[in-house]
Amino acid sequence: MPDNGGMPSVLPDGEPMPADGVLPAHALAGAADRPLGFYLHVPYCATRCGYCDFNTYTASELRGSGGALASRENYADTLIEEIRLARKVLGDDPRQAGTVFVGGGTPTLLTAADLGRMLGAIRDEFGLADSAEVTTEANPESVGPAYLEQLRASGFTRVSFGMQSARQHVLKILDRTHTPGRPEACVRQAHAAGFDHVNLDLIYGTPGESDDDWRASLDAAIGADPDHVSAYALIVEEGTQLARRIRRGEVPMTDDDVHADRYLIAEERLAAAGFGWYEVSNWATSREARCRHNELYWTGADWWGAGPGAHSHIGGVRWWNVKHPGAYAQALAEGRTPGAGREILGAEDRRVERILLQLRLADGCPRELLTQAGSRAAERFLADGLLAPGPYEAGRAVLTLRGRLLADAVVRDLVD
Amino acid sequence: MIDTPGHVDFTYEVSRSLAACEGTILLVDAAQGIEAQTLANLYLALENDLHIIPVLNKIDLPAAQPEKYAAELAHIIGCEPSDVLKVSAKTGEGVTELLDKVVAEVPAPVGKADAPARAMIFDSVYDSYRGVVTYVKVVDGKLGKRERIRMMSTGAAHELLEIGVSSPEMAPADGLGVGEVGYLITGVKDVRQSKVGDTITQFSHGAQEPLGGYKDPKPMVFSGLYPLDGSDYPELRDALDKLQLNDAALVYEPETSAALGFGFRVGFLGLLHLDVIRERLEREFDLDLIATAPNVIYRVIMEDGTEYSVTNPSEFPNGKIAEVYEPMVRSTLLAPSEFVGAIMELCQSRRGALLGMDYLSEDRVELRYTLPLAEIVFDFFDQLKSKTRGYASLDYEPTGEQRANLVKVDILFNSEKVDAFSAILHKDKAYAYGVRMAGKLRELIPRQQFEVPIQAAIGSRVIARETVRAIRKDVLAKCYGGDISRKRKLLEKQKEGKKRMKMVGSVEVPQEAFIAALSTDEGDGKSKK
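Top to bottom, those sequences are chains S and D. Counted from 1, the first sequence has number 408 at position 408 by this note's numbering; the numbering is strictly sequential. Counted from 1, the second sequence has number 623 at position 207 by this note's numbering; the numbering is strictly sequential.
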C-alpha cells in the first residue's frame with residue numbers, strides 16, 4: 001500500500017557510494033538551519049497489488065533470495081542499524097528529527113512494537129523535536145483499535161490509510177482486499193486512539209471507474225472526517241499486472257481527459273468540504289493538517305531515507321539504497337553503507353529541482369529562480385491562464401487550477 | 417564482359433553498356449522466368465542489333481522449370497526452344513557450351529586498327545584511393561601505357577597513369593587495342609571530368625570526329641532532403657558532393673522549407689535511385705534525413721504565356737493557370753495471368769491507359785500501359801507487389817507529357833501552410849488525399865496547450881479539416897523523495913525532445929510526424945496518392 005512516500009522500483013544512475021557512506025563536507029555546511037526528517041521504508045506486502053511497481057516484496061517473492069536476513073521478523077533491527085549508521089555519517093550534526101514517515105510496502109505488517117522500536121532508535125540517536133510529526137501508512141484491513149492505540153502511545157502522531165476507492169468493483173481492479181466502509185471505520189478508530197491527523201489516500205481513473213464512482217469515493221472519504229486527503233491519478237506502470245491486463249485488452253485504459261475531469265471533480269468536492277489544495281495531489285483542512293514530512297521533499301530540505309531502495313537527500317547530495325531487502329541487510333551486517341549510488345547536485349540541478357517541486361505547491365516557486373527565458377515563458381503562461389497573476393505580481397509563480405493539470409508542461413518551459 | 421544493372425532507373429547505364437558490346441547473353445532464372453526489367457533490356461539490345469544468346473540459369477534448383485521458360489524465351493525472341501541454353505553457374509553444367517557459343521556466334525569487333533584512337537567512355541567510377549576509374553571500349557586504333565590522351569568534348573588532356581582490363585579484377589596491361597574493353601586511370605578526382613559518352617583519343621595526332629555519344633540522363637523524380645538536425649546541413653552538402661563524384665546523374669540544389677529548414681531539392685533517375693541515394697546518405701554518411709514525398713516535374717503555362725518548370729510542389733504558381741503538363745511513362749507489366757484483373761484495376765485507378773496485352777505463355781501475361789509518372793512514383797510498386805503476391809514485375813520508360821487537370825493541395829496547421837506537405841494531384845484525387853492526410857496528421861501531431869486545426873486546402877478552398885484537441889492533463893500525480901531524480905532526468909530528456917521539435921508557426925511538430933506523414937510504406941494499406 002505504498003501510496004505516500006514510497007519509492008519507484010527503478011533506481012537512477014549515479015556515482016558509487018563510498019563504503020562508509022560518508023558525505024562530502026559541503027553537504028553538512030549550514031545544516032543546522034535546515035529541517036531534518038526521516039523516511040523509513042518497510043518493503044513487505046501480504047500480496048502484490050496489480051497496479052503496484054514499488055519496491056516491496058511478498059513472502060513468496062522473498063523466499064530463497066536473501067534468506068533469513070531479509071525476513072520481516074528481523075527487519076526492525078536491521079533498519080535500526082541504518083539509523084545508527086546515519087548517526088555516524090551525520091557526525092556532530094545537532095539537528096533533531098522534525099518529521100518521521102514510515103511508508104512501504106505495508107508498514108502495518110510489522111507489529112506496532114516494531115514500528116515503535118524504529119521510532120525509538122531515531123529518538124535515541126537524534127532526538128525527536130517536541131512538535132515532531134510522526135506518520136505511518138496503514139492498511140485498513142490489518143489495523144484495529146489496539147494497534148492504533150499502541151502506535152499513538154509510542155509517539156506516532158499521524159496515520160495515513162490507503163482507502164483508494166469506496167467502490168467494490170474499483171477496489172477489485174486494484175486488487176485491494178479491504179471492504180468498502182473499512183477505511184472510514186479506521187479513521188474513527190484512529191481519532192478514538194488519539195490521532196489528530198489522519199489522511200486518506202484515494203486513486204482516480206481506475207479502469208471501470210465512472211465519474212459517479214469517483215464522487216462516491218470522495219464523499220465517503222470526506223464523510224469519514226480526515227484532516228487530509230491525497231488523490232492520485234492511477235499510473236499504469238510498465239511491468240505491472242495491470243499493464244499486462246490492459247495490453248491484453250482485458251481492462252480498458254483510462255485516457256488523460258478522464259483523469260482531468262476526475263481531478264476537477266476532486267477539487268470541487270474537496271474544496272466544498274473545506275479542504276484546500278497545497279500540493280498538486282494533496283488537500284488539507286488547515287495549514288497544520290498538511291503533511292510536513294512531504295513538504296520536506298517539495299522544498300529541497302534534508303531527509304534520511306532508511307530501508308531498501310530508500311532515497312536520501314542531505315545538502316545537495318542525493319543517494320539511494322540497494323533495492324533488495326537481502327542485499328540491504330547484508331550490507332548493514334557487514335558494517336557497510338547500504339547506499340547503491342548517489343548524485344551530487346550542481347547549482348543548476350538544484351535550481352531545476354526547486355522549480356519542478358515547488359511549482360507543484362500552492363505556495364508556488366519564487367520568481368528569482370527563473371532565468372530571463374524562464375520569465376518570458378512565465379509571461380506566456382500568465383497570458384494563457386496557467387499561472388495566477390496575483391501571486392506572480394507578489395513574486396511567486398503559482399499554478400491556476402488549469403495550470404495544475406498541465407504542471408509538467410509549465411515546468412518544461414519555466415526551467416529554461 | 418559488361419554486367420548491367422537490371423532496374424528501370426538505370427536503363428541509361430544499360431543502353432550505354434549495350435553500345436559497347438557486340439553481343440549479349442540474355443540470362444534468365446529458370447525458376448522464375450523473365451522479369452519486366454529484363455524484357456525491357458532485351459528490347460534495348462534488339463534495338464541495338466546485338467546478337468542475343470538466350471540462357472536459362474539455375475537449372476539445378478528444385479523449382480526450376482527450364483522447359484516451360486525456354487518456350488517462353490523462344491516465343492519472345494523468335495527462336496526455337498531448343499536454342500535456349502540451360503546452365504547452372506553453381507554446378508558448372510552447360511557453361512562450356514555457353515562459352516563455345518559466345519565464341520562461335522558473337523561477331524568480332526569492327527574498327528580500324530591503324531586509325532587514330534577513338535575510345536568510348538561507357539562508365540566512370542570514383543575510387544577513393546585511385547581517383548576516377550574510366551571504363552572504355554576502344555572502337556578504333558589503340559591506347560598505350562603512359563600515353564597522353566584528350567577528352568574530345570572538353571579538350572582536356574590527361575596522362576594515363578594506368579590502363580588495363582577487368583578480368584574481373586582490374587589487371588594492368590600494356591594497352592587496349594581495337595575492339596577491346598578495359599579501364600584507364602588518369603588521376604582526376606571528379607567523374608564529371610570523365611564524362612560517360614565522351615570519346616577519348618590521343619593528345620597528338622588524335623581523331624577529328626568523336627563517336628556518337630549518349631544523351632545525358634535526366635532526373636525524373638524529385639524529393640526534398642533535409643537533415644533532421646539543422647546543424648547537419650554542411651555534412652549533407654558534403655555527402656551529396658561526394659556521391660556526385662560517382663554518380664553524374666545525381667543533381668541537387670539548395671532549398672529552404674519553412675517547416676524543415678535548410679536542405680536540398682534532389683533529382684533522381686527514378687525511385688530506386690532515390691532509395692539508393694537516401695540509404696547511402698544515411699548509412700555511409702551517418703545522416704538522419706527527412707525526405708519529402710517524391711514528385712515529378714510539371715510544366716505550368718500561365719494565361720499570360722509565362723511558363724514554369726515546377727520541381728517542388730510548394731513552388732506551384734498561384735494565379736491564373738492556363739495549362740499544366742505532367743510527364744508520362746510507357747510501362748510494361750509482367751505477371752501470372754490470374755492477376756490481370758488486379759493489375760488492370762490498379763492501373764485504372766492510377767489514370768492508366770491500356771496499350772496492349774500479350775500472353776508470353778499460357779499463364780504469363782505482358783500488359784502495356786501509359787501512366788502519368790506521378791502516379792507511380794509514390795507507392796505504385798508496393799501496391800503492385802501486394803496485389804500480385806509479389807509476382808508482377810514492372811518496367812517503364814518516359815514517353816512525353818500530357819495535359820492534365822492538376823491542382824496543388826496545401827496542408828495548414830492553425831491556418832499556416834506547411835510547405836513540406838504540399839502536393840500536386842489530379843483534381844479527382846485531391847479531396848481523398850486531403851482527407852487522408854489531415855486524418856493521418858491528426859494522429860501524428862501531439863496535443864498542444866491549445867487546439868490545433870489541421871486543414872487541407874486547394875487555394876483558399878478548404879477541402880478537409882481535423883482538429884487536434886488541446887491537451888488537458890500533463891502532470892505526474894506523485895512526486896515524493898524517491899521520484900525526484902527520475903523526474904529531473906525525465907525533464908532533461910523532454911527538453912531534449914522539445915529541441916528536436918520543428919516549429920510550424922506556434923505548433924510543435926515532432927520530426928517523427930514529418931517522417932511518418934511523408935513515408936510511402938507507413939500505414940493503412942490504402943493508396944496514398
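C-beta: ideal position from N, C-alpha, C; glycine also. Remember, it's a predicted structure, so these values are computed and weren't measured experimentally.
Using a cut-off of 7 Å between C-beta atoms, extract the partners of L860 of chain D located in chain S.
Ordered by position in chain S, no residue passes the 7 Å Cβ test against L860 of chain D, which lies about 17 Å from the chain.
What separation, rounded to the nearest whole angstrom, lies between the Cα atoms of A407 of chain S and V352 of chain S?
14 Å
Tell me whether I601 of chain D sits in a helix, a strand or coil according to DSSP, three-state version.
strand
Between T427 of chain D and D774 of chain D, what straight-line distance do the alpha-carbon atoms span, to the nearest angstrom?
23 Å
Cα-Cα separation, Q164 of chain S to S838 of chain D
51 Å
If we ignore side chains and look at the alpha-carbon of each, how far apart do L119 of chain S and G155 of chain S end up?
8 Å
Minimum Cβ-Cβ distance from Y297 of chain S to chain D less than 8 Å
Taking Cβ atoms only, chain D reaches closer than 8 Å to Y297 of chain S, which makes this a yes.
Looking at the C-beta of R318 of chain S, does it have a partner C-beta in chain D at a distance below 8 Å?
The beta-carbon of R318 of chain S is placed less than 8 Å from the nearest beta-carbon of chain D.
Report the neighbours of C763 of chain D on chain S: residues whose CB is nearer than 7 Å to its CB, in chain order.
Those within 7 Å of C763 of chain D in chain S number zero; the least Cβ separation is about 40 Å.
Any residues in the segment 206 to 237 of chain S with a beta carbon nearer than 7 Å to a beta carbon of chain D? Which ones, in chain order?
Correct list: Y232, A233 and I235.
Pick out whichever of D:A573, D:S569 and D:R534 has its Cα sitting closest to the Cα of D556 of chain D.
Nearest option by C-alpha distance: D:R534.
Distance, Cα to Cα, H311 of chain S vs G385 of chain S?
35 Å
Rounded to the nearest angstrom, what separates F866 of chain D and H293 of chain S at their Cα positions?
37 Å
Alpha helix (DSSP H) segment containing K856 of chain D, residue limits
K843 to L860
Can you find a C-beta in chain D that's less than 8 Å from the C-beta of T303 of chain S?
The residue you asked about is not Thr; residue 303 of chain S is Trp in the sequence shown. The Cβ of W303 of chain S sits closer than 8 Å to at least one Cβ of chain D.
Complete runs of the alpha helix (DSSP H) confined to the segment 509 to 568 of chain D [at least 4 residues]:
511 to 521
Do the segment 466 to 475 of chain D and the segment 432 to 439 of chain D make contact, defined as three or more Cβ pairs closer than 8 Å?
yes
C-beta atoms of L652 of chain D and L659 of chain D nearer than 8 Å:
no
Proximal chain S residues relative to A893 of chain D, where beta-carbon distance stays under 7 Å:
Within chain S, the residues near A893 of chain D are Y232, A233, I235 and S281.
Give a yes or no on whether 8 Å exceeds the smallest Cβ distance from Y896 of chain D to chain S.
Y896 of chain D counts as touching chain S.
So which residues of chain D does E343 of chain S contact, with C-beta pairs closer than 7 Å?
S901
What residue from D:I418, D:V925, D:A932 and D:A933 has the CA that sits closest to A674 of chain D's CA?
D:V925
Tell me the residue span of the alpha helix (DSSP H) that contains Q871 of chain D.
Run containing Q871 of chain D: none in the alpha helix (DSSP H); it sits in the beta strand (DSSP E), V868 to I874.
Beta-carbon spacing of V834 of chain D, L841 of chain D below 8 Å
no
By Cβ distance below 6 Å, which residues in the same chain neighbour A388 of chain S in space, the five residues on each side in sequence not counted?
V398 and T400
Can you tell me whether S730 of chain D is buried or exposed? The criterion is at least 16 other CB atoms within 10 Å of its CB, across all chains shown.
buried
With a threshold of 8 Å, are at least 3 pairs of Cβ atoms found where one atom belongs to the segment 361 to 378 of chain S and the other to the segment 36 to 49 of chain S?
Cβ pair count under 8 Å is below three, so no.
Tell me whether G941 of chain D sits in a helix, a strand or coil according to DSSP, three-state version.
Caution is warranted here: a pLDDT of 37 is assigned to G941 of chain D, below 50, making its placement in the model unreliable, and no coordinate value can be reported.
Where does M636 of chain D sit, in a helix, a strand or coil, going by DSSP?
coil
Chain-ordered neighbours of N294 of chain S on chain D, where CB pairs are closer than 8 Å
Y896
Do R95 of chain S and A301 of chain S have their C-beta atoms within less than 8 Å of each other?
no
Taking a cut of 7 Å between CB atoms, which residues from the segment 904 to 936 of chain D lie near chain S?
R904, K905, L907, Q910, K911 and K914
Which partner residues does F161 of chain S have in the DSSP bridge list?
S:A138 and S:L200
So, does the CB of Y147 of chain S fall closer than 8 Å to a CB anywhere in chain D?
no
Which first and last residues belong to the beta strand (DSSP E) in which K824 of chain D is found?
L822 to F829
Enclosing alpha helix (DSSP H) for N294 of chain S [first to last residue]
R292 to W298
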